[in-house]
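In our numbering, the protein residues as written are 760 to 957.
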């Protein structure tokens, strides 16, 4: 169980650290995040900015709690992370259901519209946070240094892949028809159009 705790700590710690960094990397970054929260349409306008600030503060607290090598703080960090992720999942699902597909600003600038991958990502992270909280009481001190390193590295790798979800999703996003034709298709279309009478 100790390895699970370390792995999930690495996963969530990196995810929330990158998330906070993407939102507070200057006034324009935070303004864009506030705009993305407003675009979801799940909050009254008066609550958008306070909630955005609370999200950033909550994510920062998660980073601190997970970084402190104490069982109690780890449990608190996992529980807070699970609470935030559950709220994100519900909010995004509600927005997508109502046709709101503004780009996700979870980790900074992005052009990938909100959709099922974001809901699944947050649900999986929420499950991981819950598993981490449940594993803390069962964790023991019987562990090897090598196993801890491997568990931590695996968690960090998983966290890095998670923060790159939008670029990965964009690789599989359908392009428009003209882009799919490619250079050869474009030349053929131009030649065909040239033959048609004006």
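By construction, the Cβ of each residue, glycine as well, lies at the ideal position given by its N, Cα and C atoms.
- For residue 908, the enclosing alpha helix (DSSP H) covers residues 904-922.
- Excluding sequence positions up to five before and after residue 919, its CB lies within less than 7 Å of the CB of 773, all in the same chain and listed in chain order.
- A residue is called buried when at least 16 other Cβ atoms come within 10 angstroms of its Cβ; residue 853 does not meet this threshold and is exposed.
- Residue 862 carries a strand assignment under DSSP once its states are collapsed to helix, strand and coil.
- Of the other Cβ atoms in all chains shown, 16 or more fall within 10 Å of the Cβ of residue 795; this residue is therefore buried.
- Around the beta carbon of residue 892, a 10 Å sphere encloses 16 or more other beta carbons of the protein chains shown; the residue is thus reported as buried.
- Unbroken alpha helix (DSSP H) runs of no fewer than 4 residues, entirely contained in the stretch 867-901, are found at 875-894, following chain order.
- Cα atoms of residue 886 and residue 870: separation of roughly 27 Å, rounded to the nearest angstrom.
- The DSSP-derived three-state label of residue 806 is helix.
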